[in-house]
Amino acid sequence: MPISRTTLIRGATIAGAVGIAAVAFSCRTTVKPGLVTGDAPSKVYVAPGQYDEFYAFMSGGFNGQVSVYGLPSGRMLKLIPVFSQHAENGWGYNEETKPMLQTTHGFIPWDDTHHAELSQTNGVPDGRWLFINGNNTPRVARIDLTRFETDEILEIPNAAGGHASPFTTPDSKYIVSATRFSVPIPNKDVAIDSYAKNFRGTMSFITADQPGKMDIAFQILMPGFNYDLGHAGKGPSQGWFFFTSYNSEQAFTKLESNASKNDKDFIAAVNYAKAETCVAEGKAKAFPSQYMHNYVDEKSRIAKSETKTSVKMLDPNDCPGLVYYLPTPKSPHGVDVDPTGEYIVAGGKLASVIPVHSFKKLEKAIADKAFETTIDGIPVLKYDAVLAGEVQKPGLGPLHTEFDGKGYAYTSMFISSEIVKWKLGTWEVVDRAPTYYSVGHLMIPGGDSKSPFGKYAVAMNKITKDRYLPTGAELTQSAQLYDISGDKMKLLLDFPTIGEPHYAQALPAAMIRDKQIKFFSLKDNANPFVARAESETGIQRNGKRVDVKVIAIRSHFAPDNINGVQQGDTVFFHVTNIEQDWDILHGFAILGAENAELILQPGETRTLKWIPKSPGIYPFYCTDFCSALHQEMQGYIRVAPRGTTVAVSATTSAKAQSQMARLESIHAGHTGERK
Ligand code: K7E
Ligand code: CUA
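FYI, the numbering used here numbers position 587 of the sequence shown as 595, with every residue one higher than the one before it.
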């Protein structure tokens, strides 16, 4: 490789093992582990103006969001708000999106996301949607990948801790959610120590292939264990879903010891094709349940909430053959199905091996009735009858496994801080690479699908002590990128992440890059308070409610002088960004507004609710630097004392009109963007 100035500088910064760094830091006698050397920089360097090869979608963990990164550069491109309010674009603050965060518990402005899951067709990511779960108040969400926006959120009733979620079937017919915490179902006041008698789990199958129409297809009532993760079968095992469970001890206190006693817990193998038959035969019971479905109306782009009142509940006792338990050591966490659909890999957090079950043997064990016992009508298959093999001495704390499509599996080892590569079928460990430190999930693009895209593995690490400049008592979380194209994994890059990513998924950028919308069509904007031109703006009083319709365009608001508002009115500013040009946004902020601000994508209407508390003159202005005259993009609203009679009126000042003329000439001269 020819040595350019850039590679030299990057090399010096990153590669402590090279001479330059050794001289500069000659007091350091030992080489710090985990420093990259060689040609790693050139493998992740995406030159200015060039695009990354993959989009990676990472859960934000406790921030309740999704963040989007380019790979291999590790550059963060966007944060998509899902279950938490987001000050960057007003999600959950403006009137149009507030309903998305409604639940039967009320308005919830913060949740915890865990698993990003791309929609699939024929078992491979298809680039239509990304699903993600809200873990605390169980919900699932759909993100549209032409707009990078959350379009739909469904609350999951009869559940607590929606952790085993939202894994998809190979055709995205269903996504799932299972209870991490068992609770009384229906929930009611009982003694906590009546756990064994009263607490249950549920598994929810959610219809997912129709945007705006997510719903609970059916729930399955399960023994009161903790259901942790899931993955769908594929190929020969399509029609089945596999969920891990721990706490088969049914502990309700000090789980760290009390739920770690049994040598084996279970993977629940659910025949959802069978469930469909049982539901069709009327074997599911109508189970009164309140839950909310929130979705964005496509035309008005206003979110709506509807409350649903019933689910279909299946009891395994009423549907023989619906669920089987596969004994699995020891408090298993991840469950992952290899690309062929034959192998079901469990990550037993406390296990000394990685157990792999065989789908063929599972079918045979069922046919042979190789049952150990039965729990609440669920047959427990014999471990030896379903086991394909065990990966011996893999390391400590196996959590999650992804696949490269070339016959290898990659398992994250939380305790021994490494990725372990092993061969499917022979179960031999062929490579290991350290992570810095305490890897949780790992991700290979397409790595849980029928045809992984491969090339890279990304480790999502919990601890980063000594990897980054320190930032007070809390340090950044981080991801690490590995080249997996050769026999040996090679660490290429560390990059900081937002929140605490659990799972992530990635797809080739080419699949969705050219499908991105550039603006929302004003013509199709069906918000009832849209103003498509200055002539449609205005102000209207109705009792104490005042609606102001405003347009924003480079570089003014119209109207920009607003009169007739009184102290204590409830004012709704409906601001329409009438730009029809890619990435030309405007903001709207008003002094003293308790409900934050607005950010407006081109063509969209957003509404800010404002209750002025005292008389005076209040300026409002644009918060997104939209043009050379952005600083001129402002206005005033006059607030009179309650009961005074200043007539409502709204004007666009002559100044604004002259700004407009100036803007047009600037644009004509500089960018040629305007027609
Ligand atoms: Cu392992 Cu929520 Cu998938 Cu975290 S979970 S790591
Ligand atoms: Cu519009 Cu700044």
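Using N, Cα and C, we set each Cβ at its ideal position, and we do this for glycine too. Computed from a prediction, not measured in an experiment: that's the story for all the values here.
Kindly provide the ranges of any alpha helix (DSSP H) runs that are 4 or more residues long and lie completely inside the stretch 630-663, ordered along the chain.
List check, alpha helix (DSSP H) in window: nothing returned.
What residues are listed by DSSP as bridge partners for M468?
BP columns for M468 point to A487.
Expressed to the nearest angstrom, what Euclidean distance is found between the alpha-carbon atoms of A124 and F139?
Near 6 Å, if we compare the C-alpha coordinates of F139 and A124.
Does the beta carbon of M300 fall short of 7 Å from some heavy atom of the ligand CUA?
No.
Contacting residues, own chain, Cβ-Cβ under 8 Å from A64 (five flanking each side not counted):
Cβ neighbours of A64 beyond the five flanking positions: V76, Y77, G78, L79, M451, P453, V466, A512, Q513 and A514.
Nearest by alpha-carbon distance to A149: which of L608, L109, N325 and H638 is it?
Looking at the Cα atoms, L109 is the closest of the given residues.
Using three-state DSSP, classify D326 as helix, strand or coil.
D326: helix per DSSP, three-state reduction.
Taking only three categories from DSSP, how would you classify P41?
Coil at P41, not helix or strand.
Simplified DSSP assignment, three categories, for T112
Three-state result, T112: coil.
Pick out whichever of S318, Y333, A216 and M421 has its Cα sitting closest to the Cα of T381.
Taking only the C-alpha atoms, the option nearest T381 is Y333.
Give the DSSP-derived three-state secondary structure of R150 in the structure shown.
It is a strand residue.
Nearest residue (CA-CA) to M519, options I183, T505 and P133
Proximity to M519 across I183, T505 and P133 peaks at P133, based on C-alpha coordinates.
Within 10 angstroms of the Cβ of Q227, are there 16 or more other Cβ atoms? Answer buried if so, exposed if not.
Counting Cβ neighbours within 10 Å, Q227 comes out buried, since at least 16 surround it.
Please report how far the alpha carbon of Q488 lies from the alpha carbon of T479, in whole angstroms.
Roughly 19 Å separates the two Cα atoms.
Cα-Cα separation between F233 and K262, rounded to whole angstroms
In a straight line, the C-alpha of F233 is about 15 Å away from that of K262.
Answer yes or no: the CB of D589 versus the heavy atoms of the ligand CUA, is any distance below 7 Å?
Flag unset: Cβ of D589 not near the ligand CUA.
Evaluate I625 with the Cβ neighbour count: other Cβ atoms within 10 Å of its Cβ, from every protein chain shown; 16 or more gives buried, anything less gives exposed.
Within a 10 Å sphere around the beta-carbon of I625 sit fewer than 16 other beta-carbons, which makes this residue exposed.
Pull up the distance between the alpha-carbon of T158 and that of I88, whole angstroms please.
Going by the C-alpha atoms only, they are around 7 Å apart.
Which two residues bound the contiguous beta strand (DSSP E) that contains D344?
Element bounds for D344: P340 to V345.
Please classify H113: is it buried, with 16 or more other beta-carbons within 10 angstroms of its beta-carbon, or exposed?
Classification of H113: exposed, given that the 10 Å Cβ count is below 16.
Given a cut-off of 8 Å, decide if Q575 and S635 are closer than it, judged by their beta-carbon atoms.
Not a contact, by the Cβ cut-off of 8 Å.
Which whole-angstrom value describes the C-beta separation of E163 and Y299, a residue pair presumed to lie in contact below a C-beta threshold of 8 Å?
Between E163 and Y299 the beta-carbon gap is near 4 Å, inside 8 Å, which marks them as a contact.
Anticipated Cβ contact below 8 Å, T252 with A354, distance rounded
Going by Cβ atoms, the distance from T252 to A354 rounds to 6 Å, so yes, they are a contact pair.
Beta-carbon proximity check, G100 vs N141, cutoff 8 Å
No, the Cβ-Cβ distance between G100 and N141 is not below 8 Å.
What did DSSP end up calling A30 once you bin it into helix, strand or coil?
Its pLDDT being 36, under 50, A30 is placed unreliably in this model, and the value from its coordinates should be taken loosely. Of the three classes helix, strand and coil, the one that applies to A30 here is helix, per DSSP.
Closest to G42 by C-alpha separation, out of A655, K617, K523 and L500, would be which residue?
Looking from the CA of G42, the closest CA among A655, K617, K523 and L500 belongs to L500.
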